[in-house]
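Asks: In this note's numbering, the protein residues as written are 235 to 441.
Virtual Cβ for every residue (Gly too), placed ideally from N, Cα, C.
Since we're looking at a predicted model, the values are computed, not measured.
1. Report buried or exposed for residue 417, applying the criterion of at least 16 other Cβ atoms within 10 angstroms of its Cβ.
2. Could you give the DSSP three-state label for residue 285: helix, strand or coil?
3. How would you call residue 261, buried or exposed, if buried means at least 16 neighbouring beta carbons within 10 angstroms?
4. Where residue 316 and residue 436 are concerned, what is the direct C-alpha to C-alpha distance, given to the nearest angstrom?
5. Since residue 302 contacts residue 311 with CB under 8 Å, what's their CB separation in whole angstroms?
6. From the DSSP output, read off the bridge partner residues of residue 346.
7. Check whether the stretch 395 to 404 and the stretch 323 to 338 touch, using three or more Cβ-Cβ pairs below 8 Å as the test.
8. Quick check on residue 278: does DSSP put it in helix, strand or coil?
9. Suppose you measure from the CA of residue 279 to the CA of residue 332; what does that come to, to the nearest Å?
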């Protein structure tokens, strides 16, 4: 990934925030058939190991877990806040007419090695953890115990756990840091007015 210095994300807490706030990762693998990508919600433990550990589950019918068994090298891409930026939103454009459209975004590439856990206890723990995290905002959060007896047990037999020991995290936040403060503010305000609050907040924080 091309990363100019002014767009580089290097602080571990900033990398972890992007991963944890946007947990649907694109898991990129390589096998006999070439490159493949699976879109999977992950749980991230940044304090485990040198760069953290990612955990998730996939369908047993998904060939990924058989193809990548045994510590296969993989990459997971996490996309954070993103939005189109119109040059009309920069005040300086109306003075010098030297601005062009662009796209602002946050992204993290997590490289690591994948281990398969065909283990009911591992799978149950990760399902419970992901459910608790993503149900937290509901008035009455759903939990596994709410399901009919035996229903969850049957579903768990149809999924397999995966774990990725992260060997490096590479982050990029292209958020108009190379623009004048007034131009960054103008673009952020325009995004906010158009309902892109997350991208607007990210731009303001980067400024």
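Replies: Straight from the coordinates:
1. Here residue 417 is buried: its Cβ has 16 or more other Cβ atoms, across all protein chains shown, within 10 Å.
2. DSSP places residue 285 in coil when its eight states are reduced to three.
3. Per the 10 Å Cβ criterion, buried.
4. A straight-line Cα-Cα distance of about 9 Å links residue 316 and residue 436.
5. Between residue 302 and residue 311 the beta-carbon gap is near 16 Å, outside 8 Å, which marks them as no contact.
6. Answer by DSSP bridge pairing, in chain order: 308 and 400.
7. In short, these stretches do not touch, since the Cβ pair count stays below three.
8. In this structure, residue 278 counts as strand in the three-state DSSP scheme.
9. Answer to the nearest angstrom: the Cα atoms are 44 Å apart.
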